[in-house]
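Undergrad:
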Amino acid sequence: MPMPRILPVAALAALAILPACMDRAEGAKPVPTKTAVNPPAKPDPRVAAPAEQQAPMHREAEGALVSVSETDKQVLVELPLGSADEIEPGTFLRVYDPADAHLLVGLIQITEVLGDHRAVARQMGLSDNLRHLQPKDRAHEIRDLAQLIDGKAIADQARKTEADFNALDAADQQRYASLRTQYQQALAAAQTRFDAQLTATAAAGEKRLAESDAAHRHQLELELVKARTDLAALRTAMAEQVAAGISGDRKAQEERFAALTAERANLQAQVDSLLHKEQEIDAHAAAVIKEQAERDRVNQATVSAEVEARQVLQARLDELEARLAGHAVAPITVLANDPTRNETVLEKVNRLNRELNVERERAKRLEAALSESQAGLASAHQSVTALEQRIAELGPADARARQLDDDLGKARTALADSERQRAALELARLEAERSLYD
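Per this note's numbering: the sequence shown = residues 16 to 453.
(1) Any chance the region 94 to 109 sits against the region 118 to 136, with 3 or more Cβ pairs inside 8 Å?
(2) Which residue or residues does DSSP assign as beta-bridge partners of G140?
(3) Should the region 432 to 450 be called in touch with the region 297 to 307, which here means at least 3 C-beta pairs below 8 Å?
(4) If R405 and E278 are in contact, beta carbons under 8 Å, what's the gap, nearest whole angstrom?
(5) Should Q197 be flagged as near chain C, meaning a C-beta pair shorter than 9 Å?
(6) Tell me which residue opens and which closes the beta strand (DSSP E) that V92 is part of.
(7) My assumption, with CB atoms under 8 Å, is that R74 sits in contact with G97. Please give the rounded CB distance.
(8) Using a 10 Å radius around the Cβ and a threshold of 16 neighbouring Cβ atoms, would you call R153 buried or exposed?
(9) Would a C-beta distance cut-off of 9 Å place A76 and E156 closer than the cut-off?
(10) Rounded C-beta distance between V303 and L430? I'm assuming under 8 Å.
(11) Can you give me the Cβ contacts of L234 inside the same chain, cut-off strictly under 7 Å, excluding the 5 residues immediately before and after it?
(12) Cβ atoms of L80 and V110: under 9 Å apart, would you say?
(13) Suppose you measure from the CA of A259 to the CA of L249; what does that come to, to the nearest Å?
(14) Could you have a look at I102 and say whether DSSP puts it in helix, strand or coil?
(15) Give me the residue from D115, P113, Q138, D112 with the minimum Cα distance to L122.
(16) Label T317 either buried or exposed according to how many other C-beta atoms from any shown protein chain fall within 10 Å of its C-beta, with 16 as the threshold for buried.
(17) What is the rounded straight-line gap between the Cα of A320 and the Cα of S288?
(18) Ignore the nearest five residues each way along the sequence and tell me which others in A447's own chain have a CB closer than 6 Å to its CB.
(19) Within this structure, are the beta carbons of A324 and V364 separated by less than 9 Å?
(20) How many Å lie between G341 and R377 at the Cα?
(21) Give me, in chain order, the residues of the same chain whose beta-carbon lies closer than 7 Å to that of L119; leave out the 5 immediate sequence neighbours on both sides.
(22) Suppose you measure from the CA of A211 to the CA of A204; what does that come to, to the nearest Å?
(23) With a threshold of 16 other CB atoms inside 10 Å of the CB of L440, please say whether the residue is buried or exposed.
(24) Per DSSP, what are the beta-bridge partners of I157 in this structure?
(25) Residues bridged to V313 by DSSP?
(26) So who's on the other strand from E362, going by DSSP bridges?
(27) Among the candidates A116, H147, K151, A114, whose CA atom is the shortest distance from the CA of L94?
(28) For a test of the three-state rule: what should DSSP assign to R377, helix, strand or coil?
(29) I need the straight-line Cα distance from T281 to A274, nearest angstrom please.
(30) Thinking C-alpha only, which one of L451, Y198, V399 is nearest R427?
(31) Exposed or buried, what is E293 when buried is set at 16 or more other beta-carbons lying within 10 Å of its beta-carbon?
(32) Give me the Cα-Cα distance between R232 and Q206, rounded to the nearest whole angstrom.
(33) Let me confirm a value: D184 is counted as buried when at least 16 other C-beta atoms fall within 10 Å, else exposed. Which label applies?
(34) Name the DSSP beta bridge partners of A79, please?
(35) Near L451, what residues of its chain come up, given a Cβ to Cβ distance below 8 Å and the 5 sequence neighbours on each side ignored?
Structural data, given as structure tokens:
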């Protein structure tokens with residue numbers, strides 16, 4: 016990495032003399048730039064020019080760079096300085112870092128004065144090529160250019176500055192020694208006071224600790240006596256509560272036993288009622304089976320009549336076809352299916368259909384009654400299940416529970432038989448209806 020090139024101030028001033036003379040002779044032309052304008056900064060009072068460079072009636076102008084731009088391989092800056100500050104084209108200014116008033120950044124030269132507080136300058140040189148001019152850098156006017164070129168004056172100024180710093184350093188060392196002595200004396204006095212205060216504080220703390228221990232022991236004895244008294248009272252109260260609780264539990268158990276006995280009797284009555292209902296359901300199922308057999312017989316007769324009606328209709332169709340074909344056919348005598356009735360087969364079919372509708376309505380009513388019976392039976396099942404659970408909890412009623420289990424099994428078997436019979440009847444009814452409408 017190349018080292019930055021650093022130019023001394025004297026060399027920067029020497030390089031700036033020739034362009035300044037040429038600019039004053041030919042006149043500097045304004046260069047249009049596109050810059051971002053910052054408000055003019057106030058002069059830094061900490062940076063002051065040497066007394067040898069100040070004119071009797073004029074102070075060096077200074078200000079912060081407003082903007083920096085680069086055009087045609089030139090770096091141009093705008094300053095808040097102008098004719099009101101006695102700035103004219105060709106004036107040189109030093110540029111310092113705003114954070115360090117002693118760090119020289121570079122050298123610029125005024126090329127054009129645009130107003131009372133506005134001018135444009137160009138960069139003449141940099142102290143460090145890595146540190147470029149930036150807005151807010153501080154610019155200070157250079158009045159005496161000869162002083163910059165005179166090396167002896169620069170050396171004298173450096174020696175004077177070094178002597179001033181040495182004098183200030185000696186004074187600082189003397190003040191530091193005096194301050195150190197005073198600090199050591201004050202530290203010794205403070206240490207003495209602190210030791211005395213520490214001794215007094217330790218004695219007072221030990222005294223307070225002894226008093227606190229005595230008070231704590233007395234309070235502990237009082238609390239112990241109070242705790243023993245409370246414990247005795249608590250034991251008496253707990254004994255009374257235990258006796259009352261035992262008596263209450265015994266009474267509650269007796270009441271619960273009486274309630275269970277009554278509930279057992281009630282459940283026995285319910286079981287008897289359920290058995291009676293089951294017998295009624297069995298009788299009703301037998302009646303339904305008998306009625307279904309009768310309906311099957313009627314359906315069979317209806318089917319036979321339907322077959323006969325079809326045969327008669329087929330014969331009539333054959334007769335009509337023969338007549339349409341021009342053949343002489345003897346009329347066919349229509350016979351009744353039932354000799355005891357004075358009706359034709361079709362009339363009998365219509366009558367049987369009406370009777371079938373009546374039987375269907377009756378079957379629907381029977382199915383509704385059967386559904387109600389099944390619902391009652393399901394409720395009975397639930398009651399029996401609850402009864403089984405309650406009977407299982409009653410230890411002394413094991414024999415009766417087994418008998419009830421046997422009865423329940425029989426009831427369930429009868430119920431299953433009734434369900435199978437009902438399913439068979441339903442299947443037969445469906446087959447009869449399908450045969451009738453086939």
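For glycine and all other residues, C-beta sits at the position ideal for the given N, C-alpha and C.
These figures come from a predicted structure and were not determined experimentally.
TA: Walking through what the data contain:
(1) yes
(2) L122
(3) yes
(4) 7 Å
(5) This model lacks chain C altogether; it includes just one protein chain.
(6) 89 to 94
(7) Contact flag wrong, Cβ pair sits at about 15 Å.
(8) buried
(9) yes
(10) Wrong, their Cβ atoms sit about 14 Å apart, outside the cutoff.
(11) A small fix is needed here, since residue 234 is Gln in this sequence, not Leu. Correct list: empty, nothing qualifies.
(12) yes
(13) 15 Å
(14) coil
(15) Q138
(16) buried
(17) 47 Å
(18) N314
(19) yes
(20) 51 Å
(21) V24, R109, Y111, S142
(22) 11 Å
(23) buried
(24) F107
(25) For V313, which the question treats as bridged, DSSP gives no partner whatsoever.
(26) Answer by DSSP bridge pairing: none, since E362 is not bridged.
(27) K151
(28) helix
(29) It is Asn, not Thr, that sits at residue 281 in the sequence shown. Taking the straight line from one Cα to the other gives about 10 Å.
(30) V399
(31) buried
(32) 38 Å
(33) exposed
(34) R153
(35) N314, T317, V318, E321, L371
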